[in-house]
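Heads up, the thing below is written out as structure tokens.
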Ligand code: AMP
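In our numbering, the protein residues as written are 825 to 1285.
Given below as structure tokens:
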């Protein structure tokens, strides 16, 4: 059975069973809190994103959450679902029409132009991470506020190697999160010229499929009837069951490409053939934003039916927002979907290894603990404690869970003698060290390599 992405439910706080009081505030529909227990997943995503982006020479860009609404109307396209139905638009007190960004790419090209980034060595490789907003019907894997990360290669030539690099970087990022068996669906939607010819063929074909009886279930659906005139490429996106056999027989863009687009696509596939990456050609793949040309792609994880990432080339976007053609290609990934997949297939998070664990025994020791711990913080040594727990057993269990190589044991006797016991958790050996020397001693031990296998220290019964 195909695992489904379930509704996001934080594991953090048990759900209230009692009847909710009236008028309690809740997060807006389709938007959710990222609670403390979920933060390690987000932290992991941000870390891996930074590592992968830096490895492939992408630098970070952050743009405002609000932009001039016209930027998306012109860039993403006034007739697209995102702009027509899903964009949150607001009027400021000063009379500006601003939109909560429904995606990043238009903002990035706006920033590229505004800050004269074309004067930098080209292409400019940028990556981003942040929330986007779409007023969609919330359901599993589909929210109204969700986070996207993405990679964009802007400027230079419309070189197929960049298309392949964006696909590669996107997949490496997902694989670094330990999500396996990815498939990339790839297609091309041609350029202004060849796409125009293709759209006409598609319109002719679909017009012949309008039901003359007007009966439901015969011919194409009402949405497709409308799309024939408004946005013929989106005909290939229709999910209505009765439209599927008609879509199967529709003319293919691959038979209508001009020579330049054909060569471009061929070269993209040749680059992809050279890297260990499973891709399939999907001539029905079109994307919901107007700015794409040539390569488009989506990335799926085995067993999941929603896309984790999507993207493509968008050379015309610069022109659409009032400047000039700027060769560019990019991808965007849905972070909530990545986390849901990681949770569903039970990918373990790497454990945070606290270097030193501080154990106290008795009230006097507890009182004198804070300044000792502060000395470690000043020396920038990662120290963990459980000052809120009294029992030695409970504290050692935390130390064990944290996989700390060193435990510091501070009891009544040590508090009087101004010393502290240093226990090597890997060998089990322990010795008493004066408090004044403890930071230096721990530093020395941490710099030593110990090959012994970590000892599992079972808390005493
Ligand atoms: P798009 O910007 O529409 O190309 O989407 C890029 C990626 O964002 C998709 O592949 C999904 O992973 C994610 N995504 C898109 N829409 C939503 C949504 N409403 N809720 C959650 N994730 C989404």
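In this text, a Cβ means the ideal position worked out from N, Cα and C, and glycines have one as well.
Span of the alpha helix (DSSP H), counted from its first residue to its last, around residue i
i	result
residue 1054	1046-1054
residue 1091	1083-1097
residue 1017	1016-1031
residue 1209	Here residue 1209 belongs to no alpha helix (DSSP H); instead the beta strand (DSSP E) covers 1207-1209.
residue 810	What is shown of the chain runs 825 to 1285, which leaves residue 810 out entirely.
residue 1141	1141-1144
residue 994	984-1000
residue 810	As shown, the chain starts at 825 and ends at 1285. That puts residue 810 outside it, with no answer to give.
residue 1288	In the structure as shown, the chain begins at 825 and stops at 1285. Residue 1288 is therefore absent and cannot be evaluated.
Residue interval of the beta strand (DSSP E) (run including residue i)
i	result
residue 1152	1152-1158
residue 1258	1254-1258
residue 779	With the chain covering 825 to 1285 only, the question about residue 779 has no answer from this structure.
residue 896	Unbroken run through residue 896 is the alpha helix (DSSP H), 893-896; no beta strand (DSSP E).
residue 1133	1133-1137
residue 904	Unbroken run through residue 904: none, as it is neither H nor E.
residue 1006	1006-1012
Best match in the options for proximity to residue i [C-alpha to C-alpha]
i	options	result
residue 1259	861, 883, 1268 and 1238	1238
residue 865	1097, 1153, 1166 and 850	1166
residue 1201	1181, 953 and 854	1181
residue 852	1232, 874, 934 and 957	957
residue 975	1236, 874 and 1097	874
residue 1074	1032, 1042, 1047 and 1171	1032
residue 1137	1014, 1224, 1098 and 964	1014
residue 915	899, 891 and 1005	891
residue 928	1102, 885 and 985	885
residue 1266	1241, 1229, 1240 and 1236	1229
residue 981	1250, 1152 and 860	1152
residue 951	961, 960, 936 and 964	936
residue 909	917, 918, 919 and 923	923
residue 984	888, 1084 and 911	1084
residue 903	1124, 1051 and 963	1051
residue 1235	1129, 1172 and 1188	1188
residue 1143	942, 962 and 898	898
residue 1250	1242, 1270 and 1241	1270
Where residue i sits in the DSSP three-state scheme
i	result
residue 1284	Because residue 1284 carries a pLDDT of 34, less than 50, the predicted location of this residue cannot be relied on, and no value is offered for it.
residue 1126	coil
residue 863	helix
residue 970	strand
residue 1310	For residue 1310 there is no data in the structure shown, the boundaries of the chain being 825 and 1285.
residue 1066	helix
residue 1228	coil
residue 1200	helix
residue 929	helix
residue 912	coil
residue 923	strand
residue 1247	strand
residue 944	coil
residue 1162	helix
residue 835	Residue confidence for residue 835 is low, a pLDDT of 48 falling below 50, so the modelled location carries little weight; the figure read from the coordinates is stated next. Looking at residue 835 - three-state DSSP - the assignment turns out to be coil, as it is neither helix nor strand.
residue 1108	coil
residue 1173	coil
residue 1221	helix
residue 1149	coil
Whole-number beta carbon distance between residue j and residue i, since they are thought to touch under 8 angstroms
i	j	result
residue 1056	residue 1078	That pair is no contact at about 16 angstroms.
residue 1022	residue 1080	4 angstroms
residue 1003	residue 895	Not quite, the Cβ-Cβ distance comes to about 33 angstroms (not below 8 angstroms), so this is no contact.
residue 913	residue 930	Actually they are not in contact, since the Cβ atoms of residue 913 and residue 930 sit about 14 angstroms apart, beyond 8 angstroms.
residue 988	residue 1110	Contact flag wrong, Cβ pair sits at about 20 angstroms.
residue 1160	residue 986	With a Cβ gap of about 28 angstroms, residue 1160 and residue 986 do not count as contacting.
residue 1139	residue 900	So it is not a contact: roughly 15 angstroms between Cβ atoms.
residue 855	residue 968	5 angstroms
residue 1006	residue 1059	In fact, because the Cβ distance is near 28 angstroms, the residues do not count as touching under 8 angstroms.
residue 1112	residue 906	6 angstroms
residue 933	residue 1141	5 angstroms
residue 869	residue 992	Not confirmed; about 19 angstroms, so no contact.
residue 1089	residue 1012	4 angstroms
residue 1164	residue 965	7 angstroms
Distance cut-off 7 angstroms: residue i Cβ against heavy atoms of the ligand HEM
i	result
residue 1168	This structure lacks the ligand HEM; the ligands present are the ligand AMP.
Exercise. Is it a yes or a no for the stretch 1181-1190 touching the stretch 1204-1219, going by three-plus beta-carbon pairs under 8 angstroms?
Worked result: Because the criterion of three Cβ pairs below 8 angstroms is met, the stretch 1181-1190 and the stretch 1204-1219 touch.
For this session: Determine contact between the stretch 946-962 and the stretch 1111-1129, defined as no fewer than three beta-carbon pairs at a distance below 8 angstroms.
Result: Verdict: no, contact absent.
Exercise. For the stretch 1152-1162 against the stretch 1122-1135, are there 3 or more C-beta pairs whose distance is under 8 angstroms?
Worked result: With contact defined as three or more Cβ pairs closer than 8 angstroms, the stretch 1152-1162 and the stretch 1122-1135 are in contact.
Exercise. At a cut of 8 angstroms, does the stretch 1251-1267 reach the stretch 1187-1206 through at least three beta carbon pairs?
Worked result: With a cut-off of 8 angstroms on Cβ pairs, the stretch 1251-1267 is in contact with the stretch 1187-1206, counting three or more such pairs.
Exercise. Contact between the stretch 983-999 and the stretch 871-885: three or more CB pairs below 8 angstroms?
Worked result: Two segments are said to touch when three or more pairs of C-beta atoms, one from each, lie closer than 8 angstroms; by this definition the stretch 983-999 touches the stretch 871-885.
Exercise. Below 8 angstroms, can you find three or more Cβ-Cβ pairs linking the stretch 962-979 to the stretch 1085-1104?
Worked result: The stretch 962-979 vs the stretch 1085-1104: no contact.
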